[in-house]
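Quick notes on the structure that follows.
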DNA sequence: GGAGGCGGTGAGAGCGCTCTCGTGGCCGTG
DNA sequence: CACGGCCACGAGAGCGCTCTCACCGCCTCC
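Protein chains in written order, with the working numbering: chain A, -4 to 337; chain B, -4 to 337.
Structure, rendered in structure tokens:
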């Protein structure tokens, strides 16, 4: 009806309810220490006027913002090919929403963007940050430390950054990889290969470590580097077949890689799992709806990881009544999901 | 060094530069009408103190927020399976960043979330909204209209909402579909099928319309409904082959659907494109890195659409110096990208 | 040479809110 | 019955900024 151009203030609510601004404020913020009839009157006034608190005014005095930045520093395409980020984002969004916090999304590409993000965080526009910094040489963690903003990382950050006390949420990449490879061994496979992810990311490095834990320093030709993409998986698998035609199992660093692997195996006429068993990592394919022969994989609860990141961050913020000091990192367990390929 | 706990205020900058707060403010906001030596002094003070304006205080008086909400109201999985949203988000992010605006992400699922979003937008926390409301029966457009917030839609909204003046950015779904089907006709195909997207979305409906424009009211069995996912594409393709074994071309409503189609054709031993030609829509596969036999498809510049949405929205906001009144919707052209499947 | 104009600067109000503090009424207690 | 304590509420300051307005000095013009 009326132009929403001038929204009602707390003053207006107070006037309508016949109380002081202070009391109206108390009611809006929970109503503790205000007697029932007044609470009721104020509530009704809020309702009738369609009052919504002005967040800027509130922030000005409380120095809280009820907003959290999500920084995704992934160059180019990967964010978009992999349901991983999207799922995690959803978990984060759910948790933040449940606590009335807003999600400010910061996508970065390139070095200058890093500075921009650092400035933004240092600017005190948000109460905290959730950062996906996946590369060992990423300058972002350092910059963020300088910004003195509570931060939780998605995935164990690289060793850099100076502060080894960085809080992060990750899954048990190494343990999951071990389980996968052990499963292949249990199937009687002997020529078990691993196609890695980009090794400047801890998740990829840890999965390789898990593979090595079980296989020892086996035939080095059985380890091929790749990049977490289907295309990369294809290239790596071709190379692998050329090098080691006798390979009888492949542990791919993630599901997308496994997709490429399966494609090449089909193209080369190798049966899965009879000739070559395949295991992936992440269990994102059901989401993407593209299970070829249904992929055996190491499942991690990505959405839960997102939720956890948000929860951890919120628990460090002043408003948290929960008796938390500095939270510590969380590493979630993984589960081997047996399907058709191994 | 020093705790960043108390950040310097404009007052401090002014004091250090030996000017009034007003002058300091002028310099921070562009420096028009301030003489050079003073500008210089203030700039240096800002630098030395590491001053960053307090956005809350600024918003309180300007009533601007330099923030835009992006509302993605897509139930469940689809957002995450399809690179579409991610790409568009990136375009939006780039454009907003270039104009120093923040991106507040609102993911919704379920009806109650709609109310939450409406309240948030009505609350005047952001200067505008970019909304992806893809279903005809979505209540969101109506709620948003009530919130009286400048809004640009991603994709032509359904007819609902009351206001037919909704501004949106879309690609030429109908024209692109026409071109694809005409290409198939040009290849001499006669039994050309269409696997649709969810028809409660205008993009899917428009693509179907484009197909009909060329094919007329052909054999109704050649049109099979689906849902924009690879799994749905598979199911639809199986059904299609059972109904019409003589089909010699398929225009899939999007690339993900085409993926499922290709899989079924391979499974059934049909050669592509010799036996059955296939065309998709979107051209997201290169991004996702999963071109089987490289897919012929209708390309739309998704990232550009995102950028355009943001630009359109920003141009409606007060700060825009550009002489724009109410912007009008934009429909971007599409291009047929010929690859291997047709 | 004086009036008028104009550009550069400072003083001060006020955006809408929270929060401290002071006050008044009501209880319990000696 | 008087007094202290407590609880509920209101008054008012002030968060950090922008913006209007008044002021002042200089230049121009008659």
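All C-beta atoms in this analysis are idealised placements derived from N, C-alpha and C, irrespective of residue type, glycine included.
For the region 20 to 58 of chain A, the full-length alpha helix (DSSP H) segments reaching 4 residues or more read 31 to 44 and 50 to 57 along the chain. Chain order gives no chain A residues near residue 86(B), where near means a beta carbon separation below 9 Å; the closest approach is about 10 Å. Approximately 6 Å separates the beta-carbon atoms of residue 322(A) and residue 162(A); this is inside 8 Å, confirming the contact. Against residue 54(A), the close residues of chain B are 51, in the order they occur along the chain (beta-carbon pairs closer than 7 Å). Separation of residue 62(B) and residue 120(B) (C-alpha to C-alpha, rounded to the nearest whole angstrom) is 8 Å. Apart from the 5 residues on each side of it in sequence, residue 203(B) sits with its Cβ closer than 6 Å to the Cβ of 191 in its chain, given in chain order. Between residue 292(B) and residue 270(B) the beta-carbon gap is near 19 Å, outside 8 Å, which marks them as no contact. Assignment of beta-bridge partners to residue 123(A) by DSSP yields 63(A). Residues of chain B with a Cβ closer than 7 Å to the Cβ of residue 120(A) are, in chain order, 50. Annotated as proximal: residue 127(B) and residue 150(B), with beta-carbon spacing under 8 Å. In this structure, DSSP gives residue 311(B) a helical state, which the three-state scheme calls helix.
For residue 256(B), the enclosing alpha helix (DSSP H) covers residues 250 to 262.
In this structure the region 22 to 42 of chain A does not touch the region 6 to 22 of chain B; the number of beta carbon pairs closer than 8 Å is below three. In the DSSP assignment, residue 188(B) forms a beta bridge with 245(B).
Within the DSSP secondary-structure output, residue 295(B) pairs in no beta bridge. Taking the Cα of residue 311(B) as reference, the smallest distance to any Cα among 147(B), 118(B) and 109(B) is reached at 147(B). In this structure, residue 47(B) lies near residue 117(A), with their beta-carbon atoms less than 8 Å apart. Residue-level contact by beta carbon fails for residue 307(A) and chain B, as no gap is shorter than 8 Å. The CB of residue 99(A) comes closer than 9 Å to the CB of 62, 97, 98, 99 and 100 in chain B, given here in chain order.
Residue environment for residue 82(B): buried (at least 16 other C-beta atoms within 10 angstroms of its C-beta).
Cβ-Cβ separation between residue 176(B) and residue 232(B): approximately 17 Å, too far for a contact (criterion under 8 Å).
Look at residue 116(B) here: in three-state DSSP terms it is helix. Spatial neighbours of residue 218(A) in its own chain (CB-CB distance under 6 Å, excluding positions within 5 residues in sequence) are listed in chain order as 189. Per DSSP, the beta-bridge partners of residue 163(B) are 148(B).
DSSP, read as helix, strand or coil, puts residue 330(A) in strand.
In the three-state DSSP reduction, residue 209(B) falls in the helix class (H, G or I). A straight line joining the alpha-carbon of residue 90(A) with that of residue 111(B) spans about 14 Å. Distance from residue 307(B) to residue 96(B) at the Cβ level is roughly 13 Å; contact not present, criterion being Cβ atoms closer than 8 Å.
Ranked by Cα distance from residue 98(B), the options 36(A), 65(A) and 144(A) are led by 65(A). Looking at the DSSP output, residue 276(B) bridges to 293(B). For residue 215(B), the number of other beta carbons within 10 angstroms of its own is below 16, and it is reported as exposed. Against chain A, the CB of residue 186(B) has no partner CB under 8 Å away; the residue lies outside that interface.
With a threshold of 16 other beta carbon atoms within 10 Å, residue 182(B) falls short and is exposed. The Cβ of residue 114(A) sits closer than 8 Å to at least one Cβ of chain B.
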